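For reference, the structure discussed in these notes is given below.
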Amino acid sequence: MSSDAQRAAGGGAGRAEEAAGSPTTGIVKPLPAEWFVPHGTNAEMRWDALRDADGRSTVGRHVPVERFFVRNHTRTPLIDPAAWRLRLFGSGLRGAPTAGRAVEFGLDDLRGLPATRIDALIECAGNGRGFFAGQQHQAVPGTPWTLGGVGSAEWRGVRLAEVLRLAGLTPEAVDVLPSGLDPEYTVGGVDFGRVRRPLPVAKALDDVLLAYEMNGEPLTPDHGAPARLVVPGWVGIASIKWVGAVEVADRPLHSPWNTDFYRLFGPGHPVGGSAPITGQAVKSAFELARDAVLDAGRTHRLHGRSWSGAAPVRGVEVSTDGGRRWHRAELRDEPRRDEWTRWSFDWRPDRPGRYELRARATDRLGGTQPEAAVFNREGYLFDAVVVHPVTAV
Ligand SMILES: Nc1nc2c(c(=O)[nH]1)N[C@H]1C(S)=C(S)[C@@H](COP(=O)(O)O)O[C@H]1N2
Ligand SMILES: [Mo]
Numbered sequence: 001m002s003s004d005a006q007r008a009a010g011g012g013a014g015r016a017e018e019a020a021g022s023p024t025t026g027i028v029k030p031l032p033a034e035w036f037v038p039h040g041t042n043a044e045m046r047w048d049a050l051r052d053a054d055g056r057s058t059v060g061r062h063v064p065v066e067r068f069f070v071r072n073h074t075r076t077p078l079i080d081p082a083a084w085r086l087r088l089f090g091s092g093l094r095g096a097p098t099a100g101r102a103v104e105f106g107l108d109d110l111r112g113l114p115a116t117r118i119d120a121l122i123e124c125a126g127n128g129r130g131f132f133a134g135q136q137h138q139a140v141p142g143t144p145w146t147l148g149g150v151g152s153a154e155w156r157g158v159r160l161a162e163v164l165r166l167a168g169l170t171p172e173a174v175d176v177l178p179s180g181l182d183p184e185y186t187v188g189g190v191d192f193g194r195v196r197r198p199l200p201v202a203k204a205l206d207d208v209l210l211a212y213e214m215n216g217e218p219l220t221p222d223h224g225a226p227a228r229l230v231v232p233g234w235v236g237i238a239s240i241k242w243v244g245a246v247e248v249a250d251r252p253l254h255s256p257w258n259t260d261f262y263r264l265f266g267p268g269h270p271v272g273g274s275a276p277i278t279g280q281a282v283k284s285a286f287e288l289a290r291d292a293v294l295d296a297g298r299t300h301r302l303h304g305r306s307w308s309g310a311a312p313v314r315g316v317e318v319s320t321d322g323g324r325r326w327h328r329a330e331l332r333d334e335p336r337r338d339e340w341t342r343w344s345f346d347w348r349p350d351r352p353g354r355y356e357l358r359a360r361a362t363d364r365l366g367g368t369q370p371e372a373a374v375f376n377r378e379g380y381l382f383d384a385v386v387v388h389p390v391t392a393v
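See below:
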């Protein structure tokens with residue numbers, strides 16, 4: 001990170017205060033075991049918690065804030081909203097202000113601008129990573145998420161386009177680099193600096209939100225208070241939380257998050273790695289415990305959700321016999337872009353025994369879920385159909 005950016009992100013107003021999160025996870029909100037699977041500094045949402053013991057839904061289309069998954073590189077910072085400033089600087093703004101002379105917005109300034117509400121999923125690029133090992137016998141490093149590194153919420157804030165315009169965006173600008181106010185990310189003695197990832201201006205101007213509310217309430221510490229980006233359809237790392245500085249440049253920008261991390265490396269990918277990953281894959285999940293026990297000889301209504309980073313879901317098929325026959329599931333929501341679609345499927349296991357459930361979604365661009373995901377070294381974008389074992393007794 002340039003010393004300019006470092007100063008803008010870390011100096012003075014907006015500095016994180018005393019750590020308030022749990023000493024082990026760095027997360028502030030409680031993480032009850034019935035809602036979350038802990039993974040170090042991250043917390044995965046349990047899909048089976050979306051149904052109660054009687055099979056009733058406990059979560060609507062949007063995940064309540066207290067149940068939303070958390071993905072932190074380090075720990076949740078506590079930021080004083082009154083002292084917080086968003087600082088924009090760089091060669092892509094009129095007069096090319098340096099970090100020291102950044103264009104600043106306080107939270108009240110942002111709240112005074114026209115507000116926009118959107119529904120959008122946030123999903124970690126590594127969601128489903130655990131199935132590279134579990135289903136494909138391919139070892140990959142990193143958090144072994146099952147399918148709970150995703151959540152849907154309603155977000156309210158200002159369009160990033162509006163803030164960039166007010167800051168003096170020039171036609172020459174190409175990249176925008178938001179950086180977080182959480183502690184610097186250090187692994188094995190290497191300090192990668194603040195969590196930050198460049199975003200092309202075209203996406204920034206299209207549908208990116210600078211959000212200060214989630215599900216109708218001010219953002220909470222774990223989800224980016226006082227303000228975060230929400231980048232619809234893209235991998236979660238684009239949605240920088242606790243955003244402090246935003247560099248805007250008339251040339252491409254780089255950070256470890258678009259050079260080393262969040263690119264695809266491996267045999268099926270270009271030598272030297274793919275372009276930085278952007279859109280999310282197609283996925284499906286059952287609202288059911290793995291290895292759930294169901295009564296044989298009775299009809300069960302199975303529930304699940306499917307989503308795609310590229311387009312609304314077009315259809316979902318379910319197989320209960322190891323993938324031989326597929327049946328159409330009933331869609332329970334009007335499919336929308338950047339949002340998941342709930343579905344259900346009635347199933348009667350005739351005989352006691354082990355069964356494999358599968359769900360496979362297709363989006364309106366024809367994107368669907370293959371039998372196996374293309375391997376990549378870091379285990380991103382697992383899109384294959386997930387085998388969900390259950391037992392009928
Ligand atoms: N500043 C900052 N922003 C961040 C992160 C982070 O560690 N620091 N994690 C990113 C990743 S990898 C994901 S998947 C999402 C997770 O958002 P959530 O914790 O609100 O679910 O935030 C992104 N934004
Ligand atoms: Mo992520």
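Using the working numbering, the final residue of the sequence shown is 393, and nothing's skipped along the way. Beta carbons are placed, not taken as given, at the ideal position from N, Cα and C, and that holds for glycine. As the structure is a computational prediction, the values presented were derived from the model and not from experiment.
Over what stretch of residues does the alpha helix (DSSP H) that includes residue i continue unbroken?
i           : result
residue 119 : It is not in any alpha helix (DSSP H) - residue 119 instead sits in the beta strand (DSSP E) that spans 116-123.
residue 102 : First-last for residue 102: undefined, no H or E at that position.
residue 36  : Looking at the DSSP string, residue 36 is not in any alpha helix (DSSP H); the run it does join, the beta strand (DSSP E), is 36-39.
residue 133 : 130-136
What three-state label does DSSP hand residue i in the structure shown?
i           : result
residue 253 : coil
residue 394 : No answer is possible for residue 394: it lies beyond the span of the chain, which begins at 1 and ends at 393.
residue 258 : helix
residue 219 : coil
residue 386 : coil
residue 205 : helix
residue 151 : strand
residue 68  : coil
residue 308 : coil
residue 50  : helix
residue 350 : coil
residue 302 : strand
Could you pull out every residue in the same chain whose Cβ sits closer than 6 Å to the Cβ of residue i, ignoring the five residues on either side in sequence?
i           : result
residue 311 : 363, 364 and 365
residue 394 : Residue 394 lies beyond the range of the chain shown here (1 to 393); nothing can be said about it.
residue 391 : 293 and 354
residue 139 : 133
residue 306 : 284, 313, 316, 341 and 361
From the options, pick the residue whose C-alpha is nearest to that of residue i; which is it?
i           : options             : result
residue 280 : 133, 80, 43 and 149 : 149
residue 388 : 322, 212 and 297    : 322
residue 70  : 27, 303 and 283     : 27
residue 244 : 79, 361, 174 and 30 : 79
residue 370 : 60, 348 and 283     : 283
residue 53  : 186, 34, 65 and 66  : 34
residue 180 : 224, 163 and 230    : 224
residue 329 : 338, 317 and 340    : 317
residue 275 : 199, 241 and 106    : 199
residue 404 : 188, 268 and 352    : Look at the range of the chain in this structure, 1 to 393, and you will see that residue 404 is not part of it.
Specify, as a first and last residue, the run of the beta strand (DSSP E) that residue i falls within.
i           : result
residue 225 : Run containing residue 225: none; DSSP gives neither H nor E here.
residue 374 : Per DSSP, residue 374 belongs to no beta strand (DSSP E) and is neither H nor E.
residue 210 : 209-214
residue 164 : No beta strand (DSSP E) holds residue 164; the alpha helix (DSSP H) holding it covers 160-167.
residue 353 : 353-363
residue 175 : 175-180
residue 313 : 313-319
residue 292 : 292-294
Identify, in the order they occur along the chain, each residue of the same chain with its Cβ nearer than 8 Å to the Cβ of residue i, setting aside the five sequence neighbours on each side.
i           : result
residue 380 : 125, 126, 129, 235, 262, 264 and 277
residue 348 : 297, 298, 299 and 300
Which whole-angstrom value is the C-beta distance of residue i and residue j, which I expect to be below 8 Å?
i           : j           : result
residue 165 : residue 116 : Actually they are not in contact, since the Cβ atoms of residue 165 and residue 116 sit about 14 Å apart, beyond 8 Å.
residue 94  : residue 25  : Not confirmed; about 43 Å, so no contact.
residue 153 : residue 72  : The Cβ separation is near 17 Å, so there is no contact.
residue 103 : residue 167 : 4 Å
Measure from the C-beta of residue i to each C-beta in chain B and report whether the shortest distance is under 8 Å.
i           : result
residue 229 : Any reference to chain B falls outside this structure, which holds one protein chain only.
Return yes when at least one heavy atom of ligand 4 lies under 7 Å from the C-beta of residue i, else no.
i           : result
residue 237 : Ligands in the displayed structure: ligand 1 and ligand 2; ligand 4 is not one of them.
Ordered along the chain, which non-local residues of its own chain (more than five positions away) have a Cβ less than 7 Å from that of residue i?
i           : result
residue 14  : Its pLDDT being 44, under 50, residue 14 is placed unreliably in this model, and the coordinates cannot settle the point.
residue 108 : none
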